[in-house]
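Scroll down for the structure; my scribbles are underneath it.
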Amino acid sequence: MAKPRRASVGRKGASRPGPAIPKGFHTVTPSLAVVGGVAALEFYQKAFGAKELAREVTPKGKLVHGRLRIGDSILLVSDVFRGSDRAAPSTVETTTVTLHIYTTDVETLWNRAVDAGAKVTMPLADMYWGERYGHLVDPFGHHWSLSQPIRLTKAVRDAKRLEAMRSFAKGDHPDQVPPYTDI
10 MAKPRRASVG
20 RKGASRPGPA
30 IPKGFHTVTP
40 SLAVVGGVAA
50 LEFYQKAFGA
60 KELAREVTPK
70 GKLVHGRLRI
80 GDSILLVSDV
90 FRGSDRAAPS
100 TVETTTVTLH
110 IYTTDVETLW
120 NRAVDAGAKV
130 TMPLADMYWG
140 ERYGHLVDPF
150 GHHWSLSQPI
160 RLTKAVRDAK
170 RLEAMRSFAK
180 GDHPDQVPPY
190 TDI
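Heads up: take any position in the sequence shown, counting from 1, add 9, and you land on our numbering.
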């Protein structure tokens, strides 16, 4: 049986595919649409310790492309442009995505984000699944959850799980009525 021939790339000197995932990226990379892109880059640096990797701005100051590293992950950020199929959460007054950050010191990162201007929507609390966890909204309308793995005794874990399930059974949601209190 003959080996299948590789498809021709096209004319001589044509572009060839590079690596599937560029160096430093992971398989999934969030790309945030915002109003105030340059300010967003600065906020994420202040709030989450992001390192700026790239910034391309129009002559009028709108962010075409921003690239940040938070921990080992890359986050893309850009302003919304007329005619784009993307909207910023601040313009539609909601979002369907929460970005999650795992950290080894959630209290410090939490306080840093709040001090930078993030609003608390669910206070940090010890969760039954074994994380200290909470929700924030950044000044650009994007939702973030921050957490750190913790150890709980089985009794505490079971009590917190029961409390959470009772709250969910009543139709309450943690963002509206924090059911996770210290026991």
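Backbone N, C-alpha and C define an ideal beta-carbon position, used for all residues, glycine too.
Original post:
Straight-line CA distance for Lys-69 to Gly-143?
Top reply: Between the C-alpha atoms of Lys-69 and Gly-143 there is a straight-line separation of about 37 Å.
Original post:
Does the distance from the CB of Ala-168 to the CB of Lys-55 come in under 8 Å?
Top reply: Result no, Cβ atoms of Ala-168 and Lys-55 do not sit closer than 8 Å.
Original post:
Whose C-alpha, out of Asp-114, Arg-121 and Gly-180, is nearest the C-alpha of Pro-158?
Top reply: Looking only at Asp-114, Arg-121 and Gly-180, the smallest Cα-Cα distance to Pro-158 is reached by Asp-114.
Original post:
In chain order, what residues of the same chain have a beta carbon less than 8 Å from the beta carbon of Thr-107, not counting five sequence neighbours either side?
Top reply: Within the same chain, and ignoring the five residues on either side of Thr-107 in sequence, the residues whose Cβ sits closer than 8 Å to its Cβ are His-144, His-152, Trp-153 and Ser-154.
Original post:
Which class does Glu-61 belong to by DSSP, given the choice of helix, strand or coil?
Top reply: Strand.
Subject >> Residues that DSSP places opposite Arg-141 in a beta bridge >> reply: Paired residues: Asp-135 and Gln-157.
Subject >> Proximal residues to Asp-147 (C-beta, below 6 Å), its chain only, five neighbours per side dropped >> reply: So the list reads Ala-127, once near-sequence residues are dropped.
Original post:
So Arg-121 is in the beta strand (DSSP E); what residue range does that whole segment cover?
Top reply: Secondary structure note for Arg-121: it is in no beta strand (DSSP E), and the uninterrupted alpha helix (DSSP H) holding it is 115 to 125.
**OP:** Provide the residue span of the alpha helix (DSSP H) that contains Ser-99, from first to last.
**Re:** Ser-99: member of the alpha helix (DSSP H) spanning 98 to 101, first to last residue.
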